[in-house]
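Undergrad: Residue numbers (our numbering): 549 to 720. The C-beta atom is built at its ideal place from N, Cα and C for all residues, glycine as well. Please read all numbers here as calculations on a predicted model, not as lab measurements.
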């Protein structure tokens, strides 16, 4: 996550609190990804509604502000390869407010990929929030690229890729 995303989403013109405080456990809706394979939906629902899972998600969200603050304490990132996988399918509603949120999200993702010379960004054009379900082959390839770059002590790829799939990635 971009270290300033909480502040930037809260500021005008977006004005959205993406890191609520307080008791969240019973306020977080249980959602199964639309593209979850049918044979795994019941198992996923059981895992997501388990008390320990809900508690873990709640604690993660409650620590979101602290994590962002810790990230902002470091102006530079370590000299290791970074690959930012960015969804290409708009998550927010298709209206003026949703478009402002989407534009900010995309800007933050781009900025994150520019925080170090060892970074690249892949835009997963067929993916929403669950890139690992929408384009699992892209996630596997991203891991391979980062591992290769780490071994070679280089950046993982060209600055931005637009990915329909692995074989149709193109440089912007």
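#1: I'd like the ranges of any alpha helix (DSSP H) spanning at least 4 consecutive residues and lying wholly in the region 579 to 632.
#2: Measuring alpha carbon to alpha carbon, tell me which of 568, 646 and 627 ends up nearest residue 610.
#3: Just list the residues that DSSP pairs residue 691 with in beta bridges.
#4: Tell me, which residues are paired with residue 634 by DSSP?
#5: Secondary structure at residue 677, three-state DSSP: helix, strand or coil?
#6: Please state whether DSSP places residue 563 in a helix, a strand or coil.
#7: Is it true that the CB of residue 631 sits closer than 9 angstroms to the CB of residue 670?
#8: Compute the Euclidean distance between the alpha carbons of residue 660 and residue 604, then round it to the nearest angstrom.
#9: Would you kindly report the start and end of the unbroken alpha helix (DSSP H) that includes residue 556?
#10: Is it true that the CB of residue 623 sits closer than 9 angstroms to the CB of residue 639?
#11: First and last residue of the alpha helix (DSSP H) that includes residue 647?
#12: Which same chain residues end up closer than 6 angstroms to residue 662 when comparing Cβ atoms and leaving out the 5 residues on each side of it in sequence?
#13: Using CA coordinates, which residue listed in 692, 680, 685 and 655 is at the minimum distance from residue 583?
#14: Which same chain residues end up closer than 7 angstroms to residue 565 when comparing Cβ atoms and leaving out the 5 residues on each side of it in sequence?
#15: May I have the straight-line CA-CA distance separating residue 585 from residue 596, to the nearest angstrom?
TA: Quick look at the numbers:
#1: 589 to 597, 599 to 610 and 612 to 620
#2: The residue given as residue 610 occupies position 62 in the chain shown. Of 568, 646 and 627, the residue nearest in Cα terms is 568.
#3: Here the question's residue 691 lines up with position 143 in the chain shown. Paired residue(s): none; residue 691 is not in a bridge.
#4: Position 86 of the chain shown, counted from the start, is the residue given in the question as residue 634. BP columns for residue 634 point to 671.
#5: The count along the chain shown starts at 1 and reaches residue 677 at position 129. In this structure, residue 677 counts as coil in the three-state DSSP scheme.
#6: Residue mapping note: residue 563 aligns to position 15 of the chain shown, counting from 1. Residue state, collapsed to three classes: coil.
#7: Within the chain shown, numbered from 1, the residue matching residue 670 stands at position 122. Within the chain shown, numbered from 1, the residue matching residue 631 stands at position 83. In contact: residue 670 and residue 631 (Cβ atoms closer than 9 angstroms).
#8: By one-based count along the chain shown, residue 660 stands at place 112. By one-based count along the chain shown, residue 604 stands at place 56. Taken atom to atom, the span from the alpha-carbon of residue 660 to that of residue 604 is near 26 angstroms.
#9: Reading the chain shown from its first residue, position 8 is the one you call residue 556. Unbroken alpha helix (DSSP H) run through residue 556: 553 to 558.
#10: As a first step, residue 639 is located in the chain shown; it is residue number 91 there, counting from the start. As a first step, residue 623 is located in the chain shown; it is residue number 75 there, counting from the start. Cβ distance not < 9 angstroms, so residue 639 and residue 623 don't count as in contact.
#11: To locate residue 647, count along the chain shown from 1; it is residue 99. Segment 644 to 661, the alpha helix (DSSP H) holding residue 647.
#12: In the chain shown, residue 662 corresponds to position 114, counting from 1. Cβ contact annotation for residue 662 (same chain, cutoff 6 angstroms, sequence separation greater than five): none.
#13: In the chain shown, the residue the question calls residue 583 occupies position 35. Of the listed residues, the one whose Cα sits closest to residue 583 is 680.
#14: One-based indexing of the chain shown puts residue 565 at position 17. Answer for residue 565: 558, listed in chain order.
#15: Residue mapping note: residue 585 aligns to position 37 of the chain shown, counting from 1. Residue mapping note: residue 596 aligns to position 48 of the chain shown, counting from 1. Approximately 15 angstroms, taken between the alpha carbons.
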